[in-house]
């Protein structure tokens, strides 16, 4: 049957590792998704206040299509420096793109990135002339492995999800024909992940094996279209965002990966209300490791992968918030 992978993490996708690092004084952190070899990648940005790096490379028709890592970070625009640290770690291992390999000329690591805003969470942001994010990015890269912490960890370490603690969440699904889809999200949304007046998550219909508490809405529950529940009451420009990465072992072209990313956006709307607001920077990356051929019925398979990505992302978002508010400090 279709079911989560062994860890119920994005690292159930073969060839994908995740590393994380945090600074408790700053109250911020970094998550990095590292494929074992350059992976086809795409991105879709839906929020009104995004902060990204290297996303122009993922728009199609560019020289480089494979990426060496995806970096998700706190810190607003300062957090984009985390990708510098990731690139340093990749360079040290000789990874990166080289049009014509030449002695003495290092390959250039390709590290697209996105950030969320956690500058107003009470942490010590008086770091002087050099932010901690390049250091955190390198530490996260060196930490990359199959197991990692959910909840108050990584990019979601200092996040808020509406009126509750936000966090880093992940989930996976493996199909009967052997395709794996995984998601990782740093949840710092303006909107609420809970149904108004309840402890039930908006994403509850997609939950598997009580992975975020198994709470269901009361019988007869109805929704007032203008009741957002526990959203952030007084949002400020740029102080919100959910950033995410989908990974799959299905072999996709960059254009197909972009379609999966567009479909995956519905995972945000299944888990957060409201979403894609002017003060959110919501963005989702898609990585394809290319290990499983989908040569037959490609448009159908892309549609199928997009739906699996959306439901898995909704689960990852709810799981990140659940772990941040109910524990989530140990490895999964």
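Numbering (our numbering), first residue to last: 769 to 1100. Idealized CB from N, CA, C, for every residue including glycine.
- Comparing alpha-carbon positions, the option among 811, 966, 898 lying closest to residue 996 turns out to be 966.
- Three or more Cβ pairs closer than 8 Å define a contact, and the segment 810-824 falls short of that threshold against the segment 932-939.
- If you draw a 10 Å sphere on the C-beta of residue 986, you find fewer than 16 other C-beta atoms in it, and that means exposed.
- Under the three-state reduction of DSSP output, residue 956 falls in the strand class.
- When C-beta atoms of the segment 1053-1071 are compared with those of the segment 977-992, fewer than three pairs fall below 8 Å, so the two segments do not count as touching.
- In the DSSP assignment, the residues bridged to residue 840 are 799, 882.
- When the beta-carbon positions are compared, residue 907 and residue 1084 stay at least 7 Å from each other.
- Annotation for residue 1061: 1019 place their beta carbon closer than 7 Å to its own, counting only its chain and skipping 5 residues before and after.
- Contiguous beta strand (DSSP E) elements confined to the segment 1056-1096 do not occur, taking only those with 3 or more residues.
- Residue 932 sits in a strand when the DSSP states are folded into three classes.
- Contact check between the segment 963-980 and the segment 894-906: fewer than three CB pairs, one atom from each, fall below 8 Å, which does not count as touching.
- Per the coordinates, the alpha-carbon of residue 937 lies some 15 Å from the alpha-carbon of residue 785.
- Boundaries of the beta strand (DSSP E) harbouring residue 790: 784-791, taken from the DSSP string.
- Given a length threshold of 3 residues, each whole run of the beta strand (DSSP E) inside the segment 943-1031 is given here in chain order: 948-956, 1009-1018.
- For residue 809, the enclosing beta strand (DSSP E) begins and ends at 807-813.
- In terms of Cβ geometry, residue 845 and residue 816 do not form a close pair [threshold 7 Å].
- The C-beta separation of residue 922 from residue 798 comes to about 6 Å, placing the pair in contact by the 8 Å criterion.
- For residue 864, the secondary structure class from DSSP, reduced to helix, strand or coil, is coil.
- As computed with DSSP, residue 937 is found in a beta bridge with 953.
- Apart from the 5 residues on each side of it in sequence, residue 833 sits with its Cβ closer than 7 Å to the Cβ of 808, 1022 in its chain, given in chain order.
- A direct Cα-to-Cα measurement between residue 1049 and residue 843 gives close to 13 Å.
- By the CB criterion at 7 Å, residue 913 and residue 883 fall outside the cutoff.
- Cβ contact annotation for residue 1011 (same chain, cutoff 6 Å, sequence separation greater than five): 840, 882, 884, 954, 1051, in chain order.
- In the assembly as shown, residue 805 is an exposed residue. Its beta-carbon has fewer than 16 other beta-carbons within 10 Å.
- Boundaries of the alpha helix (DSSP H) around residue 902: 901-910.
- A Cβ-Cβ separation of about 5 Å places residue 948 in contact with residue 781 under the 8 Å criterion.
- The alpha-carbon of residue 888 is positioned some 16 Å away from that of residue 920.
- A direct Cα-to-Cα measurement between residue 961 and residue 1042 gives close to 9 Å.
- Within the model, the alpha-carbon separation for residue 814 versus residue 1034 is close to 10 Å.
- The C-alpha of residue 1015 lies about 8 Å from the C-alpha of residue 1057.
- Judged by DSSP in its simplified three-state form, residue 823 adopts helix.
- Nearest to residue 861 by alpha-carbon distance, out of 850, 876, 870, is 876.
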